[in-house]
Amino acid sequence: MPDKILFCATVDYHFKAFHLPYMKWFKEQGWEVDVAASGNMDLPFTDNKYHIDIQRSPFHQSNIHAYKQLKRIIDQNDYSIIHCHTPLGGVLARLAARQVRKKGTKVIYTAHGFHFCKGAPLLNWLTYYPIEKYLSRYTDSLITINEEDYQLAKKHRFKAGMIEHVHGVGVDTEKFKPIDETNKAEIKKSLGYQADDFLLFYAAEFNKNKNQQLLLRVMALIKDEMPNAKLLLAGEGPLIESCRKLTRDLGISHMVDFLGFRKDIDQLLPMCDVAVGSSHREGLPVNIMEAMACGLPVVAVDNRGHRELVSNNSNGWIIPNLDVVEFAYKVMQLSKREDIGNKFGVNGRNIVIEKYSVDKILQENKRIYQSFTGNQEESIWAVQ
């Protein structure tokens, strides 16, 4: 019988977006890979896919049913490892796995950015902090993806068997990579842009946290001095219509393109000139890492995830206090000083290759998985 692992999260798209390399890796090691999440998406590298009625809100009534569904799945299968992601996926999986842990199943939880952090609303601390601290006792390995969360979990004495710091979910640096100026101009032209258009890019769900409104206000500030600037916003979400309205109100409709949900981010990023980030809270933002891998300089507001990735005057700039004027000034600087943007871009890609590539993260996770699988031969666990 092969060893079995269960991956659990709130929605199945989470795995398609972030975890296919790790699921593929387990299949290559001969493991049976199961997934439990909300949604009916077909996932590769998966033996059994279970739909559970899990919701993002910790107080949603259907999460009681989701817990029962998940417990039944766990009790009926002999999993060696359960690896859970997302706040509610982590809550329900750890509660449902309490009994099987006594029989030897190991439970790993990756915190993709605690909802409580420096500067987070008091409500987040009152809601999520006690839940995470309590459930840490049912966690064999708590994986954090940024230094601030790692230090917080250690300082507050979370009771997980191990507290680890892994550098995110990894970026495919062969898929996300720079292109030369000729190809850049050709792609711009094919998509309706001019070769000298200065393109800003941001991919994120339109919600309160992602704060696209700040970027729209930046565009309003630079529209006279940079009439060739274009802001490309990829994504969908509940606030997209209010952002469209703000765009019209600010008189910048001709400078902003709403791209919708995209599967070709790796094709869009390399033609752009700067990556921007406006979110209030980030764990370790994949959108910024992908942009860095493509050789883009970064201008982003101050939060723990952005601080982890961007160093001032090295690969971009961090903007304190949601300062729209300073943000606009830095964007204009990059438009005038191509040499600075190029330097930042080279440095950013090197950072991703050295610390955040898929291969690097596979190695970091391999060490954690291997600690729970006995004395297996190193060759068996080699990254394929």
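Last residue of the sequence shown: 386 in my numbering, with the numbers rising by one and none dropped. Cβ coordinates follow ideal geometry from the N, Cα and C atoms, glycine included. Bear in mind the structure is a predicted one, so any value in this text is a computation, not a measurement.
Taking C-beta separations shorter than 7 Å and ignoring five residues to either side along the sequence, the partners of valine 326 in its chain run Leu216, Arg219, Val220, Leu223, following chain order. Alanine 293 places its beta carbon 8 Å or farther from that of leucine 261. Cβ neighbours of cysteine 119 within its own chain (closer than 6 Å, five residues either side excluded): Arg306. Take the alpha-carbon of histidine 169 and the one of phenylalanine 116: they are about 15 Å apart. The beta carbon of leucine 94 sits closer than 7 Å to the beta carbons of Ile56, Asn65, Ala68, Tyr69, Leu72 from its chain, once the five residues preceding and following it are set aside; these are given in chain order. For serine 143, the CB contacts under 7 Å within the same chain, skipping 5 residues up- and downstream, are Ile110, Ala162, Gly163, Met164, Glu166, Ile370 in chain order. Under the DSSP assignment, isoleucine 189 falls outside any beta strand (DSSP E), being part of the alpha helix (DSSP H) whose first and last residues are 183-192.
Take the alpha-carbon of methionine 257 and the one of glutamate 227: they are about 13 Å apart. For asparagine 213, there is no enclosing alpha helix (DSSP H), since its DSSP letter is neither H nor E. In this structure, the CA atom of proline 299 is about 12 Å from the CA atom of asparagine 352. DSSP, read as helix, strand or coil, puts glutamate 207 in coil. Closest in C-alpha terms to lysine 26, from the list Leu45, Ala38, Tyr15, Gly41, comes Leu45. One alpha carbon belongs to alanine 113, the other to alanine 206, and they sit about 19 Å apart. Here the alpha carbons of serine 280 and glycine 237 stand approximately 14 Å from one another. The Cβ atoms of proline 23 and valine 360 sit closer than 8 Å to each other.
Per the Cβ contact rule, the region 29-41 is in contact with the region 4-14 (3 or more Cβ pairs under 8 Å). A check of alpha carbon separations from threonine 88 across Met3, Asn79, Phe346, Pro60 identifies Pro60 as the nearest.
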